[in-house]
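Notes follow the structure.
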Amino acid sequence: MSGFNLADLFERVVDAAPEREVIVSPARRLTYRELDDRANALAAVLTGLGVTAGDHIGLQLLNGSEYLEGMLAAFKLSAVPININFRYVEAELRHLYDDADLVAVIYHRQFADRVATAAAGAATLEHLIDVDDGSRGASGGIDYEEALGAATTNRPDSSNRSGDDRYIAYTGGTTGLPKGVVWRQEDIFFAAMGGGDVFQSGNFIATPDELLERMPEVGGTILTTPPLMHVSAQWGVFHSLFAGGRIVFAPHGPFDAGRIWSLVAAEGVNILTIVGDAMAQPLADAIAAANEAGTPYDVSSLFVIGSGGAVLSSAAKGRLAELIPTIMVVDGFGSSETGVVGSKLHVSGDTSTAPKFTVNAQTQVLGEDGHPVTPGSGEVGRLARKGHVPIGYYKDEVKTKATFLEVDGERWVLPGDNATVDEDGTVVLLGRGSTSINTGGEKVYPEEVETALMTSPDVADVIVVGLPDERWGQRVVAVVAASPGCSPDLESLRAHSRTTLAGFKLPRELIVVDAIERTPAGKADYKWARATAEAQTASKATG
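Quick note: the sequence shown uses the numbering used here, first residue 520, plus one each step.
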């Protein structure tokens, strides 16, 4: 073994606890040995297709064993799994397929039409592997299960693996187009996957041999509700894998709070991961309703509810903690560029609304001079992380130079978050300098939505902003000036934009104004647009 390679670390856990259950899903239950066998078989299939070290394999999949099998198979070959947002439409997928230089895509059959259309013009894409999910879509590629069933389960050669093997996290860009954040596997292991520290206290292992010394005799059980296409969900799952844990996946389909609580009871879940208020509120509602009906859910096994990817309000935290007083509610913070950098444990009686986090030792807030701001000074700086940081953005040197900074011989990554530091060292996030919107854990970039709306003949001009939303954290709001003689309505604009935008990017509210205000340079005046939207929303609420 050379360094901290993710495939090598996983295989160590398999050899130490081969018969321990690791996957619980509607499709199958697997032990560590069975998961390893399926990943080995998929690696053999990919090798037979000509996949070699460094090649990029797209995963356009819902949660389930196949997602982990795809990642592990790629890692075993020193290839690179690429997360694909399954909510993307053809135009978005076409860009990602090309930008990521995919050579193969593994996808659930319900996405077959979009995959086929997007793949048609992808220069490097040669192979499609189809996972039958029971949908009516026709298979457009190699049948996943048939291919695995015919392949060897022997482990591929591991002699050339190293901690330098790549891990790439695709995330939204400032123009709305996805971009890939390139990590060394060793760096992402320590920055986001626990570093061998079961309790996530920063007590990382020093050598790969220590991984098994830290592994509990009985692994914990985690229920992962966010989709694995979001890398924060991947990080939680791999942290569990490296601790010999057990991973529960809910059935595919819309988020169902009652079904989640039933799984917690049935599988003895210890850790439940969610995304902000969009999941927390329905979960709290379901618990409260069951209690009132006299049929409470058995949540005695649950220790922690952890949220990441979107705002978890103090009200939601307090309500969950009140309904289930035996659990801890933890709000995590990080990004594709930083890994996990901080968290906030809910304390009874805390009603603060400011997003405050205790960050790790590698994370600070840098001022304009590139040095850490003084705690308690009120100076606004930029959140930054050093130590285990990414290599940069895939095929984007300009963005890499803008996001990574060297100060006094140390390399920092600055993902764009503005922040201050309280006297006690707590970091207070103020938001990004950009205008990105976070709705239910999904990033939406106004320029992309504006471009789509401007193609409507009903729209003369538009600015898109985010307004606070009790469930989604933020909702997408379009401030529109109508074309002469036209009367745009929300549903028609949503229908018009649906062909080029994923559903979560579509506006949830429409504000029609006489004219759009812009800066002297002709740029969108987002401050004006947000104030206008807030005023009209408030007027509607009181009218």
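Glycine included, each C-beta is placed from N, C-alpha and C at the ideal position.
Cα-Cα separation, residue i to residue j
i	j	result
TYR913	PRO1003	44 Å
TYR1045	VAL983	8 Å
GLU538	ARG552	6 Å
ASP980	GLY1022	21 Å
ASN722	ALA903	21 Å
ASN524	PHE761	12 Å
ALA808	THR814	9 Å
ARG1049	GLY985	7 Å
ASP649	GLU1028	37 Å
LEU924	GLY906	12 Å
GLY668	LYS863	45 Å
VAL978	SER820	53 Å
VAL599	ALA592	9 Å
SER975	HIS1015	7 Å
ASP534	LEU587	18 Å
VAL899	PRO874	15 Å
GLU1010	GLU609	21 Å
THR877	PHE718	16 Å
GLY546	THR672	For clarity, residue 546 is Ala in the given sequence; the question names Gly instead. Those two C-alpha atoms are separated by around 20 Å.
ASP716	PHE708	11 Å
Supposed contact pair residue j and residue i - C-beta distance, whole angstroms, cut 8 Å
i	j	result
ILE766	ILE741	6 Å
LEU549	SER584	6 Å
PRO801	ALA769	Not confirmed; about 13 Å, so no contact.
GLY858	ALA710	3 Å
Of the residues the options, the one placed nearest residue i, counting alpha carbons only
i	options	result
ARG633	GLY900, GLY858, ALA1060 and THR1018	THR1018
THR726	LEU821, GLY714 and ILE687	GLY714
LEU696	GLU611, MET734, ILE687 and VAL940	GLU611
LEU568	VAL541, ALA666, PRO773 and GLY827	ALA666
ALA834	ASN582, ALA1054, VAL564 and GLY868	GLY868
ASP1033	GLU732, THR945, ASP927 and SER1006	SER1006
ILE806	GLY825, THR792, GLU841 and ALA1057	GLU841
ALA623	ARG703, ALA641 and THR792	ALA641
GLY886	ASP988, VAL701 and ASP936	ASP936
ALA880	LEU644, PRO844, LEU554 and GLY944	GLY944
Beta carbon of residue i nearer than 8 Å to that of residue j
i	j	result
THR743	VAL756	yes
VAL995	ILE1030	no
VAL963	ASP706	no
ALA938	VAL932	no
TYR626	LEU615	no
GLY911	ASP941	no
GLY992	ASP804	no
ILE790	VAL823	yes
THR958	SER855	no
SER681	GLY522	yes
HIS575	ILE601	yes
ALA562	PRO675	yes
GLU966	LYS1024	no
GLY653	ALA631	no
SER476	ASP684	Outside the shown range of the chain (520 to 1062) lies residue 476, about which nothing can therefore be said.
GLY577	LEU621	yes
TRP754	MET712	yes
VAL543	GLU786	yes
VAL794	GLY837	no
GLY889	VAL926	yes
MET748	PHE605	yes
ALA1043	GLY960	no
Assigned exposure category for residue i - 16 Cβ within 10 Å defines buried
i	result
MET973	exposed
ALA572	exposed
ALA1040	Interpretation of ALA1040 is limited by its pLDDT of 46, a score under 50 that renders its predicted location unreliable; no figure is taken from the coordinates.
THR893	exposed
LYS595	buried
GLU736	exposed
SER832	buried
THR1061	exposed
VAL541	buried
LYS920	exposed
LYS698	buried
GLY1057	Note that residue 1057 corresponds to Ala in the displayed sequence, not to Gly. Burial call: exposed.
ASN582	buried
ASP618	buried
GLU530	buried
Contact test: residue i Cβ vs the ligand SAH heavy atom, cutoff 7 Å
i	result
GLY911	Of the ligands one can find in the structure shown there are none, so the ligand SAH has no counterpart to examine.
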